[in-house]
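Chemist:
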Amino acid sequence: MSASDSLQDFTAIETEFNLNHSLVLFPKDVNLLLPTIPDNSISLIITSPPYNLGKNYEKRVSIDKYLQEQKLIIEQLYRILKDDGSICWQVGNYVAQGEVFPLDIFYYQIFKEFNLFLRNRIIWHFGHGLHASKRFSGRYETILWFTKSQDYTFNLDSVRVPSKYPGKRHYKGKNKGKPSGNPKGKNPSDLWEIAIEEWTKEVWEIPNVKANHPEKTIHPCQYPVELVERCVLALTNEDDWVFDPFAGVGSSLIAAIKHNRKAVGCEKETQYIEITRQRINSYFEGTLKTRPMGKPVYKPTGREKVSQVPDEWKKVGDNTNSQKY
Ligand SMILES: C[S@@+](CC[C@H](N)C(=O)[O-])C[C@H]1O[C@@H](n2cnc3c(N)ncnc32)[C@H](O)[C@@H]1O
Numbered sequence: 003m004s005a006s007d008s009l010q011d012f013t014a015i016e017t018e019f020n021l022n023h024s025l026v027l028f029p030k031d032v033n034l035l036l037p038t039i040p041d042n043s044i045s046l047i048i049t050s051p052p053y054n055l056g057k058n059y060e061k062r063v064s065i066d067k068y069l070q071e072q073k074l075i076i077e078q079l080y081r082i083l084k085d086d087g088s089i090c091w092q093v094g095n096y097v098a099q100g101e102v103f104p105l106d107i108f109y110y111q112i113f114k115e116f117n118l119f120l121r122n123r124i125i126w127h128f129g130h131g132l133h134a135s136k137r138f139s140g141r142y143e144t145i146l147w148f149t150k151s152q153d154y155t156f157n158l159d160s161v162r163v164p165s166k167y168p169g170k171r172h173y174k175g176k177n178k179g180k181p182s183g184n185p186k187g188k189n190p191s192d193l194w195e196i197a198i199e200e201w202t203k204e205v206w207e208i209p210n211v212k213a214n215h216p217e218k219t220i221h222p223c224q225y226p227v228e229l230v231e232r233c234v235l236a237l238t239n240e241d242d243w244v245f246d247p248f249a250g251v252g253s254s255l256i257a258a259i260k261h262n263r264k265a266v267g268c269e270k271e272t273q274y275i276e277i278t279r280q281r282i283n284s285y286f287e288g289t290l291k292t293r294p295m296g297k298p299v300y301k302p303t304g305r306e307k308v309s310q311v312p313d314e315w316k317k318v319g320d321n322t323n324s325q326k327y
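Below, the structure is given as structure tokens:
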């Protein structure tokens with residue numbers, strides 16, 4: 003398929019990898035898929051691996067054993083990555099007996115053993131989540147973006163965002179008086195405020211409106227399609243292969259096919275494979291709801307019931323047990 007035959011019309015989901023296919027969903031362990039992917043064939047590997055937290059899809063092991071297993075997979079990922087390709091590894095923390103182990107620190111060492119080059123450590127900030135009681139509540143995770151070489155694809159213009167002050171002008175030098183920004187917008191920086199917003203807002207703050215959220219499925223650790231879209235647009239070209247080795251409910255695949263990239267995903271849990279198939283089919287039918295790229299993060303107006311201070315907290319003169327309002 004060429005970039006001009008849009009993937010938008012393509013509906014066949016293959017189950018085995020072949021370079022002649024365009025969309026592959028491999029429904030077994032990633033270690034069975036990897037040997038079937040040729041060397042130097044994938045432009046972007048993007049994933050959120052299991053964090054070894056004992057979620058329903060993983061067996062918790064020691065952090066050393068977990069990292070050893072991941073290293074064997076990363077060795078294969080390095081082999082199949084194109085010379086101008088990228089790996090985006092989205093992780094949070096592993097937590098054991100209340101102690102936090104930031105997984106990106108551990109993964110960084112592994113990727114460096116394969117001589118990959120770190121281009122950004124992107125902070126993905128989200129405004130909602132569980133409230134911790136014995137440490138500060140976690141409100142970000144990271145994406146390590148590595149390239150295989152010094153010569154890599156980076157399409158900044160595809161992902162520019164509106165500048166805050168587009169009317170700014172040079173105040174001295176030969177360009178004095180001319181606009182100082184870029185008419186296509188500014189670099190989105192390495193701090194990404196991409197909402198899991200709509201669904202966290204609903205899951206944690208506004209019960210009973212779950213039907214309204216655009217993307218959330220039963221998967222406990224789903225990331226937003228929008229997060230992947232930015233990486234796909236910036237780090238690949240049309241018709242390139244995008245691979246998610248731990249595909250969950252297929253968010254990376256959807257981001258890839260939305261932008262006419264070929265997509266391969268691997269997921270060992272049948273229930274998530276089934277949801278991925280449904281989401282991809284809905285995408286092709288035009289009914290899949292995803293949060294639009296660049297949509298501003300929701301800010302409460304103050305009028306929502308959940309934004310208002312409960313009357314019990316407003317008792318005059320009672321400073322013992324309340325926030326300062
Ligand atoms: C953090 S989740 C990824 C969620 C995904 N980013 C999404 O948006 O849906 C990790 C996924 O990897 C899958 N997984 C874990 N070990 C695997 C393995 N060895 N082979 C294939 N899939 C695996 C799990 O079942 C889980 O769905």
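First residue of the sequence shown? That's 3 in our numbering, and the numbers climb one at a time after it.
Backbone N, C-alpha and C fix where the C-beta goes; we use that ideal spot for every residue, glycine too.
Would the C-beta of Asn33 count as close to ligand 1, meaning under 7 Å from any of its heavy atoms?
Modeler: Yes, the beta carbon of Asn33 sits closer than 7 Å to at least one heavy atom of ligand 1.
Chemist: Could you round the C-beta distance between Thr17 and Pro247 to whole angstroms and report it? I think they count as a contact, below 8 Å.
Modeler: Not quite, the Cβ-Cβ distance comes to about 15 Å (not below 8 Å), so this is no contact.
Chemist: Would you please state the rounded distance, in angstroms, between the beta carbons of Lys186 and Arg162? I believe it to be under 8 Å.
Modeler: The pair is a contact, with the Cβ atoms about 5 Å apart (cut-off 8 Å).
Chemist: Using a Cβ-Cβ cutoff of less than 7 Å, which residues in the same chain neighbour Leu193 once the five nearest sequence positions on both sides are dropped?
Modeler: Here the set comprises Ile125 and His127.
Chemist: Using three-state DSSP, classify Asn262 as helix, strand or coil.
Modeler: Reduced to three states, the DSSP call for Asn262 is coil.
Chemist: Asn122 bridges to which residues according to DSSP?
Modeler: Asn122 pairs with Trp147.
Chemist: Tell me whether Val211 is buried or exposed, calling it buried when 16 or more other Cβ atoms sit within 10 Å of its Cβ.
Modeler: Because Val211 carries a pLDDT of 32, less than 50, the predicted location of this residue cannot be relied on, and no value is offered for it.
Chemist: Any heavy atom of ligand 1 closer than 7 Å to the Cβ of Tyr274?
Modeler: Result yes, Cβ under 7 Å from ligand 1.
Chemist: Any idea what DSSP makes of Cys233, helix, strand or coil?
Modeler: If DSSP states are grouped into helix, strand and coil, Cys233 belongs with the helices.
Chemist: Hey, how far is the Cα of Tyr53 from the Cα of Asn95?
Modeler: Tyr53 and Asn95: Cα-Cα distance of roughly 7 Å.
Chemist: Going by the C-beta, is Tyr173 closer than 7 Å to any heavy atom of ligand 1?
Modeler: The answer is no for Tyr173.
Chemist: Going by beta carbon distance, what residues of the same chain come within less than 8 Å of Glu231, once the five residues before and after it are set aside?
Modeler: Hits under 8 Å: Ala257, Lys260, His261 and Met295.
Chemist: Residues in its own chain within less than 7 Å of Ile275 by CB, not counting five upstream and five downstream?
Modeler: Once the five neighbours on either side are set aside, the close Cβ partners of Ile275 are Leu27, Pro29 and Glu269.
Chemist: Going by DSSP, what residues sit across from Trp315 in a beta bridge?
Modeler: Partner(s): none; Trp315 has no beta bridge.
Chemist: Where Arg141 and Lys176 are concerned, what is the direct C-alpha to C-alpha distance, given to the nearest angstrom?
Modeler: About 44 Å.
Chemist: Give the secondary structure of Asn33 by DSSP, where H, G and I count as helix, E and B as strand, and everything else as coil.
Modeler: In the structure shown, Asn33 sits in a helix (DSSP, three-state: H, G or I).
Chemist: Does the region 19-26 come into contact with the region 53-65, if we say contact requires no fewer than three beta-carbon pairs (one atom in each stretch) closer than 8 Å?
Modeler: These segments do not touch.
Chemist: Okay, do the region 84-94 and the region 39-46 touch, 3+ Cβ pairs below 8 Å being the bar?
Modeler: Yes, they touch.
Chemist: Looking at Ala236 and ligand 3, is the gap between the Cβ and the nearest heavy atom below 7 Å?
Modeler: No copy of ligand 3 occurs in the structure displayed; its ligands are ligand 1 alone.
Chemist: Helix, strand or coil for Phe245, going by three-state DSSP, please let me know.
Modeler: Phe245 falls in the strand class under three-state DSSP.
Chemist: Which residues in the same chain as Phe113 place their Cβ atom closer than 6 Å to its Cβ, once the five residues preceding and following it in sequence are excluded?
Modeler: For Phe113, where only same-chain residues beyond five positions count, the Cβ hits under 6 Å are Phe148.
Chemist: Quick one: is Arg281 buried, meaning 16 or more other Cβ sit within 10 Å of its Cβ, or exposed?
Modeler: Arg281 should be labelled buried.
Chemist: Using only CA atoms, which one of Asn189, Leu229, Pro181 and Tyr173 lies nearest to Glu195?
Modeler: Per the Cα distances, Leu229.
Chemist: What are the boundary residues of the alpha helix (DSSP H) that Asn95 is part of?
Modeler: Segment Asn95 to Ala98 is the beta strand (DSSP E) holding Asn95; no alpha helix (DSSP H) there.
Chemist: Taking 7 Å as the cut-off, is the CB of Gln72 close to at least one heavy atom of ligand 1?
Modeler: Every heavy atom of ligand 1 is 7 Å or more from the Cβ of Gln72, so no.
Chemist: Pull up the distance between the alpha-carbon of Ile331 and that of Val251, whole angstroms please.
Modeler: The requested residue 331 does not occur in the structure, where the chain is confined to residues 3 to 327.
Chemist: Can you tell me the Cβ-Cβ gap for Phe116 and Glu77, rounded? I've got them flagged as a contact below 8 Å.
Modeler: About 7 Å separates the two Cβ atoms, so the contact holds.
Chemist: Rounded to the nearest angstrom, what separates Lys73 and Leu35 at their Cα positions?
Modeler: The straight-line gap from Cα to Cα measures roughly 16 Å.
Chemist: Do Thr144 and Arg123 have their beta-carbon atoms positioned less than 8 Å apart in this structure?
Modeler: Yes, these two residues count as a Cβ contact at 8 Å.
Chemist: Would you tell me roughly how many angstroms separate the C-alpha atoms of Asn283 and Leu255, rounded to the nearest one?
Modeler: Taking the straight line from one Cα to the other gives about 12 Å.
Chemist: Using a threshold of 7 Å, is the CB atom of His221 nearer than that to any non-hydrogen atom of ligand 1?
Modeler: Yes.
Chemist: Secondary structure at Phe108, three-state DSSP: helix, strand or coil?
Modeler: Residue state, collapsed to three classes: helix.
Chemist: To the nearest angstrom, report how far apart Ile39 and Arg81 are at their CA atoms.
Modeler: Answer to the nearest angstrom: the Cα atoms are 9 Å apart.
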